[in-house]
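Residue numbers (the numbering used here), protein chains in the order written: chain A, 406 to 975; chain B, 1339 to 1533.
Below you'll find the structure, written out as structure tokens, and then a few comments.
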Amino acid sequence: MNRFPIVGAALLGAVGLLTGPSIAQQETKQEAKSASGQAKVSPVTQQQLNSADKSSTNFLLTNGNYAQTRFYPAKQIDRDNVKNLHVAWIFQTDVKESLETSPIVVDGVMFVTTSFSHVYALDAKTGEQLWHYNHKMGPITTYCCGPNNRGVQVLGDLVYLATLDSKLIALNAKTGEVVWKTDIADPEQGYSETMAPTVIKDKVLIGTNGGEYGIRGFLRAYDAKTGKLLWNFDTIPEKSVGVWATKDATGRDMHRNIQAEKDQLAKTGDPYQKLGGGVWQNPAVDLATNRIYFVVGNPSPDLDGSIRPGDNLYTDSLVSLDLDTGKYACHFQYIAHDVWDLDAVSPPVLVDVKGKDGKTIPGVIHAGKTGHIYVHDRKDCSLIRFSEAMVPQENMWVLPTKEGARMLPGANGGVEWSPIATDPGQALAYAINLHQPMNYFVENSPYPNGKLWLGGAFKAIPTEKQAGNITAVNYDTGKIKWQVKTPEPMIGGILATAGGLVFTGEGNGKFAAYNSSTGKELWNFRAGAGVNAPPSSYMVGGKQYIVVGAGGNTQVDFHRGNNIIAFSLN
Amino acid sequence: MNRKSNFCIAAAVVLAAFVTLSSTPSSAQSIEEKTKVCAGCHGADGKPVDKTIPTIWGQQAGYIYIELRDFKRGDRKSDIMQPIVASFERQDMLDIAEYFSKKPWPDLGQPRAPKDISARAVTANQSIGCTGCHLDHFQGDGTVPRLAGMGRDYLAKQMTDFRSRARGNNPGMSDLMLATAPDDLAALAEYLAGL
């Protein structure tokens, strides 16, 4: 079945463009579709990917480029004209569930994904469907936080997808047919995939979900041509105990009972085999040093630390590896022995930063669920500074109790999986935050063979107001430059552009553009479903577009939809 | 316990004995033969004969498989189910799960919950995030069951059993139920049954 975009007369009439788009659609049909009806996709070269940060026509990687800056260099849409932004087309997918995709655009062809691991190739100019890959899901899926998929990447003629039932798949970019498929891990043991792969130098880099199910996490490289495993890095080393850190990255006491943990260690040994440590989001790649940087999620079980003595390395950490071998280079742990699920999820970003001595050095920054943006030295992962808190923090780090202990932030953050954006010219990082006051409960139970293993519960307090914000942080000083409050918690993602703008959406369906220097709102659109996906930008036929998914969110239960919406100027 | 359920148990025990002692290896049985025993309790038309018995027609295949597996392993206790699944291999359980998942979900004719009960249930869901796993409209997916339209008594009993850990095959659910007040659980059972 062919899917068609909604470009109804009413919609066009509302924006005063009755003739332009229909002509454009005819032109694009010829551009994006070959005579055989297939997608006309140019092979993507490694060179193109390496210089994706300079491309103002394509959007080749989930977070824009290997440094993951989510800073788009096109500036046709700017602070003056953004008020004229209007819907160019809407594509409705077949799946009305949580939508977290980052659209990828290759020479006028767009690739988007949906919940349950569907992939669509669309004409980026018109929204016309070129092909649809409907993954035949295995009967066993075990996943946390929604059946999401965050996107694909293209290298050569192949589109790479990781699926909810933990498979890695290469599709023919022209037709959507499967070229190869490989099993990543056993879903019956709690493994699943929702992240987009990062593909570089014929390697497909992929992590895993499962920190809520007692997995042993990993980051892996597979051969991009064959699907063969090249290397595996266990995010939980056999010696996971660490240094018995008593303070978090910001110097606050975490109230660990080190003696009790040591006694437990003597009794049950190192808990590394079921310790969690998922990798939810893409690694950044430093092309100059051939190193990758990613963050590792929470330990299993989430809230009960009594049965997992030690720092639980490398959970809640920034980790760097050698790209070719997967060999460990350095790490920094934000929260040792986490019992709040305030882990590290939002993808790290490589930017030049001011070091401790004020000199500019290669840095890596990460926005935490704690509500801080952490700034590191790329060489050794050491922490240079952390930002002012972007959300209220109260009662940190009170230990979870059987009756429930109140602490802010709630277990979703701060900054959840949502990628941040940066504007290196202004030394600003833009993050979207949640504010959800929660009680933290602890319970004790043994490993349940791949079942949900929380070790307690985090429970939003119904009588307390939830909210969100968009925050710009100067990563050279750690100071908040501006903040826009939102009525609901924010989850999804954000994009900065050279036009001096940032774009982001809310769970209530609002999608808006803000002045990237001041936070002043300059334009908005009501999408009719939660805009909880990271926006992308691209150019076709000399025209810049902004595109975003509006499908709501499972985790925070925002109104579901199934729309991919592209915007452009007249 | 009513007469219907007594009959269901008696029939199940007899059929279970038949299944266990049958000389026909399970791999040689058709799916209809393998599932014959199920109708005694879960209903020939998909409507369970007793309110404490779950609906399995139209249930998620992954969930049915996991429960059969857990009965076989003894992770989930049931005097009725354990003898029935004792001879099943993994593929049998996957086939049975697939078979029932393809059947239409039956309408048990349960009323919508009153407004105040619904409001309480919705607040409880927002607080512990049931739909984070059971998904929008409580339809379930994969190894997570559909709850919408399930029998109210069954729902109430399962939530209570999770809370007391009498049902021990999902400690994550037990943790969440323990963090929820019994009155909220009762509201959830009524609300979900009426969806």
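Note that the Cβ used here is the ideal one computed from N, Cα and C, for glycine as well.
Keep in mind the model is a prediction, meaning the values are calculated, not measured.
- Shown here, TYR919 (chain A) sits in a strand according to DSSP, grouped into three states.
- The C-alpha of GLN594 (chain A) lies about 13 Å from the C-alpha of LEU680 (chain A).
- Among the residues of the stretch 1383–1407 of chain B, those with a Cβ less than 7 Å away from any Cβ of chain A are ALA1399, GLY1400, TYR1403, in the order of the chain.
- For the stretch 485–522 of chain A, the continuous beta strand (DSSP E) assignments of 3+ residues that do not extend past its boundaries occur at 491–497, 509–511, 514–518, in sequence order.
- When DSSP assignments are scanned along the stretch 776–803 of chain A, the uninterrupted stretches of beta strand (DSSP E) that are 3 or more residues long and fall wholly within it turn out to be 778–782, 788–791.
- Contact check for ASP1479 (chain B) against LEU859 (chain A) fails: the beta carbons are separated by 8 Å or more.
- Using a Cβ-Cβ distance cut-off of 8 Å, the stretch 935–954 of chain A and the stretch 508–515 of chain A are in contact, since at least three pairs of beta carbons, one from each stretch, lie closer than that value.
- Secondary structure of GLN534 (chain A) (DSSP, three-state): strand.
- TRP858 (chain A) has a beta carbon lying within less than 8 Å of a beta carbon in chain B.
- With fewer than 16 other beta carbons inside 10 angstroms of its own, GLY442 (chain A) counts as exposed.
- When the five nearest sequence neighbours on each side are left out, the beta carbons in the same chain lying within less than 6 Å of the beta carbon of ARG1414 (chain B) are those of ASP1408, ASN1507, in order along the chain.
- ARG790 (chain A) and ALA832 (chain A) have their alpha carbons spaced roughly 14 Å apart.
- About 4 Å separates the beta carbon of ALA741 (chain A) from that of ASP716 (chain A), a gap short enough to meet the 8 Å contact definition.
- Within the stretch 854–885 of chain A, the residues whose Cβ lies closer than 8 Å to any Cβ of chain B are, in chain order, ASN854, LYS856, LEU857, TRP858, LEU859, GLY860, GLY861, ALA862, LYS864, ALA865, ILE866, PRO867.
- Residue pairing from DSSP places ASP528 (chain A) in a beta bridge opposite A:VAL514.
- DSSP lists no beta-bridge partner residue for PHE1476 (chain B).
- Membership of LEU726 (chain A) in the beta strand (DSSP E) is indicated by the continuous run 722–727.
- Boundaries of the beta strand (DSSP E) around GLU926 (chain A): 926–931.
- Distance from the Cα of ILE899 (chain A) is smallest, within the candidate group A:SER751, A:GLY763, A:LYS807, A:ARG621, for A:SER751.
- DSSP places PHE1500 (chain B) in the helix class (H, G or I) of the three-state scheme.
- Proximity to GLN738 (chain A) across A:GLY702, A:ALA472, A:ASP962, A:LYS633 peaks at A:GLY702, based on C-alpha coordinates.
- With a threshold of 8 Å between beta carbons, MET1419 (chain B) makes no contact with chain A.
- The Cβ atoms of ALA1525 (chain B) and ALA1462 (chain B) lie closer than 8 Å to each other.
- In the three-state scheme derived from DSSP, where H, G and I count as helix and E and B as strand, ILE697 (chain A) is classed as strand.
- Taking 8 Å as the CB threshold, GLU502 (chain A) lines the interface with chain B.
- With respect to chain B, the C-beta atom of ASP962 (chain A) has a partner C-beta closer than 8 Å.
- The CB of GLU848 (chain A) comes closer than 9 Å to the CB of PRO1509, SER1512, ASP1513, LEU1516, ALA1517 in chain B, given here in chain order.
- The alpha-carbon of LEU635 (chain A) is positioned some 44 Å away from that of VAL492 (chain A).
- The CB of ALA1435 (chain B) comes closer than 8 Å to the CB of PRO544 in chain A, given here in chain order.
- Residue range 810–812 is occupied by the beta strand (DSSP E) that includes MET812 (chain A).
- With contacts defined by Cβ atoms closer than 8 Å, ALA938 (chain A) and LEU465 (chain A) do not form a contacting pair.
- Of all residues in the stretch 1466–1498 of chain B, only ILE1466, GLY1467, THR1469, GLY1470, CYS1471, LEU1473, ASP1474, ASP1479, GLY1480, THR1481 come within less than 8 Å of chain A when Cβ atoms are compared, listed by chain position.
- Taken through DSSP and simplified to helix, strand or coil, LEU573 (chain A) comes out as strand.
- Excluding the 5 residues flanking it on each side, ASP458 (chain A) has same chain C-beta neighbours closer than 6 Å at ASN470, in chain order.
- For ILE770 (chain A), the enclosing beta strand (DSSP E) has its first and last residue at 765–772.
- For GLY1400 (chain B), no beta strand (DSSP E) encloses it; the enclosing alpha helix (DSSP H) starts and ends at 1399–1411.
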